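Peer 1: With the sequence shown counted from 1, adding 157 to any position gets you this note's numbering.
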Amino acid sequence: MTQEFDPIVAGAREAFAKAGTPAELENAKAQYVGKAGRITELMKGLAALSVEEKKTRGAAINQAKQAIEAALAERRQALADAELESQLQAEALDVSLPGRVREPGGLHPVSLTMERIEQIFASMGFDVADGPEIESDWHSFTSLNNPPNHPARSMQDTFYVDIDGDDGIPYNLRPHTSPMQVRYTHQHIKRYADAVQRGEPMPEIRVICPGRTYRVDSDATHSPMFHQCEGLWLGENVSFKDLKVVFTDFCRTFFESDDLALRFRPSFFPFTEPSAEIDIQFQSGPLAGRWLEVAGSGQVHPQVVRNMGLDPEKHIGFAFGMGPDRLTMLRYGVSDLRLFFDGDVRFLRQFR
Ligand code: PHE
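(1) Using CA atoms only, rank isn't needed, just tell me which of R195, E272, N184, R348 is closest to G368.
(2) Closer than 8 Å is the cut-off here; do at least three beta carbon pairs connect the segment 334-341 with the segment 304-320?
(3) Note down the Cα distance separating L484 from C386, rounded to an integer number of angstroms.
(4) Do you know offhand how far M281's Cα is from P358's?
(5) For M393, which of helix, strand or coil comes out of DSSP?
(6) Run through the segment 346-414 for me and flag every whole alpha helix (DSSP H) of 4 or more residues, listed as ranges in chain order.
(7) Just reading off the beta strand (DSSP E) that F316 is part of, what are its end residues?
(8) Going by beta carbon distance, what residues of the same chain come within less than 7 Å of W295, once the five residues before and after it are set aside?
(9) For the ligand PHE, is there a heavy atom less than 7 Å away from the beta-carbon of T485?
(10) Just confirm the distance between the C-beta atoms of R233 and L199, as a whole number of angstroms; I'd bet it's less than 8 Å.
(11) Using only the heavy atoms of the ligand PHE, determine whether one of them is closer than 7 Å to the beta carbon of T429.
(12) From F278 to G388, what distance separates their C-alpha atoms?
(13) Given that a residue counts as buried once 16 or more other Cβ atoms are within 10 Å of its Cβ, and exposed if not, what is Y328?
(14) Since I believe F411 is in contact with F475 (beta carbons under 8 Å), could you give me their beta-carbon distance rounded to a whole number of angstroms?
(15) What is the DSSP secondary structure of D163, reduced to helix, strand or coil?
(16) Determine whether the beta carbon atoms of K401 and F421 lie at a separation below 8 Å.
(17) Taking C-alpha atoms, which residue in Q438, P255, I326, R409 lies nearest to P305?
(18) What does the alpha-carbon distance come out to for the pair M479 and F407?
(19) Report the option in L496, T378, L330 whose CA atom is closest to the CA atom of V451.
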């Protein structure tokens, strides 16, 4: 077949390649296969030829036309691809940019204190027990040697719930975690009995009960909801001396200070006899020299031991109740208790 039209095809290819935009490409196309294009002109020229010539020349022109149209289609595609590519480039996301910051959270300062208390007492062999915050009158008061109408009840301004217990007295929001003394021993009484049956010595009771407590009270150092941690150690021969050792050890570990003085100041609780408030005194730092009350304590009253289902001749020991909120204030130098419960992140993030 003739190569007469090859230069035209080559010219078209070159023109298409030079076209940098779809509009330029359409212009180039018009010069070859448009109404007045080179190929169109050649087609027109066929009219004057003989049938035989029309056939061969026409076929050759057609071949050239097809080659040009293929080149055109190829270039169109190439331009479209390039256009898409540059669009993608322009809209690209930089995945290496840092995202919107999500700050890591942290434990609440009082939770930090609770964890610390639990760790220290666990290292001294204490179990940790949880209990209900809505309590029966018997658990909160009567079992703790504080019967209805006893004047000691007024030591705690109690919230009552609108539901009566089995004894006809409304349930209360526990004003202390002391009810757990009684609940814990009741939960474990079978274990104690089984041990005795096996001829083993009666297991000791050594437990702390941390948790939320409630009283009708609200100012810079009191909140209607606050925290307590009760401690109880009963055994055959556990004395006030052990209370002093355990609590002194605890305070010195908790505050990371060996020169911390403790004072056991005589006091009254219906459930302990004798009873003492425990005060501590820092020897250095911003609080140095002041006596600060941190806990109530005492030898567990025989009647309370009986209410636990145990024999007060065999189970002797001490209990104490402390305020983790207050310990947190002292440890971190916080002056207003309410800051712990406002939920202000500017305050809380300082403990992260
Ligand atoms: N439950 C007492 C209170 O809330 C504290 C306490 C506990 C005192 C155990 C003595 C023994 O005030």
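A virtual CB, placed ideally from N, CA and C, is assigned to each residue, including glycine.
Please read these numbers as outputs of a predicted model, since none were measured by experiment.
Peer 2: Reading off the structure:
(1) It is E272.
(2) Between the segment 334-341 and the segment 304-320 there are fewer than three C-beta pairs closer than 8 Å, too few to call the two in contact.
(3) Approximately 11 Å between the Cα atoms of the pair.
(4) C-alpha of M281 to C-alpha of P358: approximately 20 Å in a straight line.
(5) Here residue 393 is Glu; the residue named in the question, Met, does not match the sequence. Coil.
(6) You should have 397-411.
(7) Counting along the chain, the beta strand (DSSP E) containing F316 begins and ends at 316-321.
(8) Here the set comprises D324.
(9) It does not: the Cβ of T485 is nowhere closer than 7 Å to a heavy atom of the ligand PHE.
(10) Their Cβ separation, rounded to whole angstroms, is 23 Å, which puts R233 and L199 out of contact at 8 Å.
(11) True, at least one ligand heavy atom lies under 7 Å from that Cβ.
(12) Taking the straight line joining both Cα atoms gives about 9 Å.
(13) With 16 or more other Cβ atoms within 10 Å, it is buried.
(14) Not a contact, Cβ separation roughly 18 Å.
(15) D163 carries a helical assignment under DSSP once its states are collapsed to helix, strand and coil.
(16) In this structure, F421 lies closer than 8 Å to K401 by Cβ.
(17) Closest option to P305, Cα to Cα, is I326.
(18) Roughly 12 Å between the two C-alpha positions.
(19) The residue among L496, T378, L330 with its C-alpha nearest the C-alpha of V451 is T378.
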